[in-house]
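Visitor: Its first residue numbered 1, the sequence shown is counted upward by one per residue in UniProt numbering. We treat Cβ as the ideally placed atom computed from N, Cα and C, and that holds for glycine.
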Amino acid sequence: MRVPRSQAPQVPLGRIPVLDVRPCVDHGDRPAKSVVDEPFDVTATVFREGHDAVAASVVLTDPDGAESVLPMTCVNPGLSHWLREVSADRPGWWSYRVEGWSDPWGTWLHDATVKIDAGVDEELMLAEGVLVLERALDVPGRSPGGRQLVRDALEALTAPGDHSPRARLHAASTPELRTELEVTLPLRELVTASDDLPLLVERELALAGGWYEIFPRSEGAYLDEETGRWVSGTLRTAAERLPAIAGMGFDVVYLTPIHPIGTTARKGPNNTLDAGPEDPGSPYAIGSPDGGHDAIHPDLGTFEDFDAFVARAREVGLEVALDIALQCSPDHPWVTEHPEWFTTRADGTIAYAENPPKKYQDIYPVNFDNDPAGIYAEVRRVIQVWVDHGVTLFRVDNPHTKAVEFWQWLIADVAQDHPEVIWLSEAFTKPAMMHTLAKVGFQQSYTYYAWRNSAYELDEYLTELSGESAAYMRPSFWPTTHDILTPYMQFGGPAAWKVRAALAATLVPTWGIYAGYELMEHVARPGAEEQIDNEKYQYKDRRWSDYEPGGPREGQSLAGWLTMLNRIRRDHPSLRLLRNYRRHHVDDENFLAFSKSRALPDGSTDTVLVVANLDPHSTRESTVRLDMGALGMEGWERFEVEDLVTGAVWEWGQDAFVRLGADGEPVHVLAVRGR
C-alpha cells in the first residue's frame, strides 16, 4: 500500500537546521573520496530562528574514531551558506558531519556592542557578559592559556566603575579572546548534527600521477633479417626500457595484457581476418592451451621474469599497472571448463564480441549473469595472483560492459587486504555509467579529453570534472591511446602533440602517455581514428636508440618535452590537485588560460598559470585578461612570472600580451613568483 505524502513520516529537522551538507555522494550511501593531505571544501546551509547568533563546525572523524571539530565560515550570510576546507592526514575510512549550534558569545558580543555604543542598558549588558563568560570558562578541554584569557575578560567586565562601559567591553573582547571563543574552543549550545557521511582517504597516486603505456612484446622486438621473421620482446628486454620511462618522470608503467593469445579467428595486421602463422594476434584475445588470465605468454617469459620486471620497476621508482580484460579467446581454458560462463546463440555457437559495425571474432565476452558466484570467485583469484606478484594498479578494459555490482564487490573485496591497489576505468560510455563506476570504487577514469579541443569545450569539461563530481570521480587525461588517434593529432603537427601533452599534464592531476607519443606517430588507418599498423595486432620496433644523443634521429623526440612536464608537475603541488581549476579570459577564442593554486605548509602559495594556443597551425597573438581574485591579488597589482617552458621572466598585471604558436612554443606554463 502506498502511503499518501501527507501521512508519510518526516525526519526530525533538529533544533538548529543543518541542510544540504556537501560533498554527499548518493545521499551518503557511497563515500566521498580524497587522498592524503588533499584539501576539499565541506559546505552546508545552517541557520536558526530569530536574531541570535548561529555558527557551524565540521567534525572530522579519523579511522580510529578520534574527532576534530573545525569551525566553519559563513561565506554568504544572506543564504546561510557555511564552508570549511578540510583534509585528512592518512589513508583509511573517515567520516564527517556538520554541526550547527547556538553561539551565546557571538550573540552577547553583537548585542553588547550595539547597545553600549548607543548608551542603552550598559551595565546590564556587561552583567550578562559575565554570565556568558562563566559558562565559557567551564567548557571541558579549555587549555590553561585559554582559561586565563576568559578570566582576564571577566575581570575586565567587573572592573571598578571608573572604567567606562565601552572600555570594559573593549578589554573583554580582545582579538586573542575572540580567537579562543570563536575558533579554538567555542561555547556551543543547542548543538544539532547532520548525519555522518563516509569519506574514503587513499594514497596520493590515486589522484595524481603519470602513466606510461607499453606493449611488452614490442620492447626489444626486432625483425630478423636472415629469417624475415619477427622476434618478440620479452619481459626481460622490456625491463631495459624502464630507466628511460622513469627518467621522463612517470610514476606508473602500464602493461597491456601479457597473457597467452588464442589462435582461433586470430586477427592479423590492422585488424584483418587473414592472420598469417607469424602474426602475434591481439593481446586482448586472451587464452590458449598455455593458460588464461593467470598465465604469461610463453614468448614474454615466466613469472620469474615478471617478478624481475616488477623489481626493476621499483628500483627506478615506478609502480606496475596491468591491463585486466575480462574476455576470452575461443581457446581460453574457461571456454571448455566453464562453457556456461558465456552466451550461447540460437545456433549453438558462443557469441563473440561486437560493437557494430565492428566485429571481434577472436573474443568471447563473459556473461556474468550465468554463474555469478563462480565467475566472481575466479576473477578474484586471478586478481590475487597479480597482486601477489607486485601489481599495485589495474587498468580495466571496458568495465561498462560488466555489471556495476560486480566491480563494487571486487574492488571492495581486494581493498580489504590491499587498500593500496588502484583501479583505472577504461569506460568511454554514457556519463551515468562512468560516474557510477567511480562511485562504486574505481579510483580513476578515462575521459573524453581526446575529443575536447576548443577552449570552450575544455573549459566546460574542466568545470564539470572539477566540480561536484570531483568528490568521487578522478579523471585521467590521455592525448592518445593504442585505440585513439584523433584528427587533431593526425594533422596538427608537433605543436598539437606538444600542447595536448601540456594540457593533459596540467589540467588534471593524472595523465597518461602511450609509448610512441615521443615520436609523434600520427598516421591513421584509413577510415579509423587509430594508428595504422596498430601495435595491438603486430610488433613494433621503435628503435629508441636512434633518438638518443649521437643517434641518427637525435632531436626528433618529444621525450625532453614530457620530462619537462613531469618535472613541472613534481615541483608544483598545485598541479597535483583537481578541484582548484580557475579559467581566465583571453580575447582570442583559440587560447585557453587557466590557473591552479595551492596553499603550502610554510604559509606560501604555489600558483601556476597556463596559457595555450589551441590552433596548432598558426602563431597567434592576444591579450590575457586575468581574474586577479583567483590569483589572490587585487586588480592593480603587478607580479613576476617565470615561463617554466623557456625560462623567460616577465612582469605581468591584470592584462598581459601573449604570442604563441607553431614558430615557437605553443604554451606558457608560468610560475607566479611574486608581486
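Can you give me the start and stop residues for the beta strand (DSSP E) that K115 sits inside?
Guide: Residue 115 sits at position 115 when you count from the first residue of the sequence shown. Per DSSP, K115 belongs to no beta strand (DSSP E); it is in the alpha helix (DSSP H), P104 to A118.
Visitor: What's the call for S604, buried or exposed, on a 16-neighbour Cβ count within 10 Å?
Guide: Taking the sequence shown and counting its residues from 1, one reaches residue 604 at position 604. When all chains shown are included, S604 counts as exposed.
Visitor: For N534, count neighbouring C-beta atoms within 10 Å of its own C-beta (all shown protein chains included) and say buried if the count is 16 or more, exposed if not.
Guide: Counted from its first residue, the sequence shown places residue 534 at position 534. Answer is buried; the Cβ neighbour count reaches 16.
Visitor: Answer with buried or exposed for G220, where buried requires no fewer than 16 other C-beta atoms within 10 angstroms of its C-beta.
Guide: Taking the sequence shown and counting its residues from 1, the one referred to as residue 220 is at position 220. The residue is buried, with at least 16 neighbouring Cβ atoms inside 10 Å.
Visitor: By Cβ distance below 8 angstroms, which residues in the same chain neighbour D251 in space, the five residues on each side in sequence not counted?
Guide: Numbered from its first residue, the sequence shown carries residue 251 at position 251. Correct list, in chain order: L205, G209, G210, W211, G317, L318 and E319.
Visitor: Check whether the Cβ atoms of G262 and G287 lie closer than 7 angstroms to each other.
Guide: The residue you call residue 262 lines up with position 262 of the sequence shown. The residue you call residue 287 lines up with position 287 of the sequence shown. Yes. Within cutoff.
Visitor: Restricting to Cα atoms, I'd like to know which of A159, I411 and D587 is closest to I324.
Guide: Working through the sequence shown from its first residue, we reach residue 324 at position 324. Cα-wise, what sits closest to I324 is I411.
Visitor: For T263, which of helix, strand or coil comes out of DSSP?
Guide: For the purposes of this step, residue 263 is taken as the residue at position 263 of the sequence shown. Correct three-state label for T263: coil.
Visitor: Just the C-alpha distance for A66 and Y96, rounded to the nearest angstrom, thanks.
Guide: Here residue 66 refers to the residue found at position 66 of the sequence shown. Here residue 96 refers to the residue found at position 96 of the sequence shown. If I take the Cα positions, the gap works out to 11 angstroms.
Visitor: Just to confirm, are residue 679 and A524 a CB contact at a threshold of 7 angstroms?
Guide: Outside the modelled stretch of the chain, which goes from 1 to 675, sits residue 679, for which no answer is possible.
Visitor: Which residue comes first and which comes last in the beta strand (DSSP E) that contains K430?
Guide: Working through the sequence shown from its first residue, we reach residue 430 at position 430. Premise fails: K430 is in no beta strand (DSSP E) and is neither H nor E.
Visitor: Could you give the uninterrupted runs of the beta strand (DSSP E) lying entirely in the segment 501 to 554, keeping only those of 3 residues or more?
Guide: Listed in chain order, the complete beta strand (DSSP E) runs (minimum 3 residues) inside the segment 501 to 554 are 510 to 514.
Visitor: Quick one: is F215 buried, meaning 16 or more other Cβ sit within 10 Å of its Cβ, or exposed?
Guide: As a working note, residue 215 is residue 215 in the sequence shown. So F215 counts as buried.
Visitor: Kindly indicate which three-state DSSP category G254 falls into: helix, strand or coil?
Guide: Here the question's residue 254 lines up with position 254 in the sequence shown. Going by the sequence as given, residue 254 is Tyr instead of Gly. Correct three-state label for Y254: strand.
Visitor: Could you give the residue range of the beta strand (DSSP E) that holds Y446?
Guide: Counting from 1 along the sequence shown, the entry for residue 446 is found at position 446. Per DSSP, Y446 belongs to the beta strand (DSSP E) from Q444 to Y446.
Visitor: Could you check how far apart the C-beta atoms of P479 and A450 are, in whole angstroms? I think they sit under 8 angstroms.
Guide: In the sequence shown, residue 479 corresponds to position 479, counting from 1. In the sequence shown, residue 450 corresponds to position 450, counting from 1. Right, their Cβ atoms sit about 6 angstroms apart.
Visitor: With distances taken between CB atoms, is the gap from Y456 to S218 smaller than 7 angstroms?
Guide: Numbered from its first residue, the sequence shown carries residue 456 at position 456. Numbered from its first residue, the sequence shown carries residue 218 at position 218. No. Outside cutoff.
Visitor: Of the residues G560, G664 and H617, which one's Cα is nearest the Cα of A244?
Guide: Taking the first residue of the sequence shown as 1, we reach residue 244 at position 244. The residue with the shortest Cα to Cα distance from A244 is G560.
Visitor: Using the Cα positions of E38 and T607, report the straight-line distance between them to the nearest angstrom.
Guide: As a position in the sequence shown, residue 38 is number 38, starting the count at 1. As a position in the sequence shown, residue 607 is number 607, starting the count at 1. Their backbone Cα atoms lie some 16 angstroms apart in a straight line.
Visitor: Shortest alpha-carbon distance to L465 belongs to which of P509, Y376, I513 and V499?
Guide: Residue numbering aside, residue 465 sits at position 465 when the sequence shown is read from its first letter. If we check each option's Cα against that of L465, P509 comes out closest.
Visitor: In whole angstroms, give me the CA-to-CA distance for R620 and V499.
Guide: The residue given as residue 620 occupies position 620 in the sequence shown. The residue given as residue 499 occupies position 499 in the sequence shown. Rounded to whole angstroms, R620 to V499 spans 14 angstroms at the Cα level.
Visitor: Using C-beta distances below 6 angstroms, list every residue in its chain close to R22, excluding the 5 sequence neighbours before and after it, in chain order.
Guide: Taking the first residue of the sequence shown as position 1, residue 22 is located at position 22. Around R22: T43.
Visitor: Could you tell me which residues DSSP puts in a beta bridge with Y360?
Guide: Looking up residue 360 in the sequence shown gives position 360. Y360 pairs with A353.
Visitor: Within its chain, find whatever has a CB closer than 7 angstroms to the CB of Y488; leave out the 5 residues flanking it on each side and keep chain order.
Guide: The sequence position of residue 488 within the sequence shown is 488, counting from 1. So the list reads N453 and A496, once near-sequence residues are dropped.
Visitor: Tell me the DSSP bridge mates of residue 723?
Guide: Look at the range of the chain in this structure, 1 to 675, and you will see that residue 723 is not part of it.
Visitor: Rounding to the nearest angstrom, what Cα-Cα distance links Y352 and P289 in this structure?
Guide: What you label residue 352 is simply residue 352 of the sequence shown in a count that begins at 1. What you label residue 289 is simply residue 289 of the sequence shown in a count that begins at 1. Answer to the nearest angstrom: the Cα atoms are 19 angstroms apart.
Visitor: Here's the rule I'm using: 16 or more other beta-carbon atoms within 10 Å means buried, otherwise exposed. How should T192 be labelled?
Guide: As a working note, residue 192 is residue 192 in the sequence shown. Flag for T192 reads buried.
Visitor: For a test of the three-state rule: what should DSSP assign to L558, helix, strand or coil?
Guide: For the purposes of this step, residue 558 is taken as the residue at position 558 of the sequence shown. Looking at L558 - three-state DSSP - the assignment turns out to be coil, as it is neither helix nor strand.
Visitor: Just to confirm my understanding: we take D541, look at its own chain, exclude 5 residues before and 5 after, and list those with CB closer than 8 angstroms. What are they?
Guide: On the sequence shown, residue 541 is found 541 positions in, with the first residue counted as 1. Excluding residues within five positions, the ones whose Cβ falls inside 8 angstroms are S218, A221, Y222 and L223.
Visitor: For I286, does the three-state DSSP call read helix, strand or coil?
Guide: Position 286 of the sequence shown, counting from 1, holds the residue named residue 286. Note: I286 maps to strand in three-state DSSP.
Visitor: Indicate whether the contact test is met: 3 or more Cβ pairs, each with one atom in the segment 178 to 195 and one in the segment 96 to 116, closer than 8 angstroms.
Guide: Cβ pair count under 8 angstroms is three or more, so yes.
Visitor: Measuring alpha carbon to alpha carbon, tell me which residue in E354, V385, Q361 and T344 is nearest N367.
Guide: Taking the sequence shown and counting its residues from 1, one reaches residue 367 at position 367. Checked all of E354, V385, Q361 and T344; the closest Cα to N367 is T344.
Visitor: So, for R576: in the same chain, excluding its five sequence neighbours on each side, which residues have a beta-carbon less than 6 angstroms away from its beta-carbon?
Guide: Looking up residue 576 in the sequence shown gives position 576. A208 and P509.
Visitor: Could you check which residue in E548, A112 and G50 has the C-alpha nearest to that of A167?
Guide: Residue mapping note: residue 167 aligns to position 167 of the sequence shown, counting from 1. Among E548, A112 and G50, the Cα nearest to that of A167 belongs to A112.
Visitor: Could you give the first and the last residue of the continuous beta strand (DSSP E) run that contains A656?
Guide: Here residue 656 is taken as the residue at index 656 of the sequence shown, counted from 1. Its beta strand (DSSP E) spans residues D655 to L660.
Visitor: Just the Cα atoms here: how many angstroms apart are A528 and D369?
Guide: On the sequence shown, residue 528 is found 528 positions in, with the first residue counted as 1. On the sequence shown, residue 369 is found 369 positions in, with the first residue counted as 1. Going by the C-alpha atoms only, they are around 33 angstroms apart.
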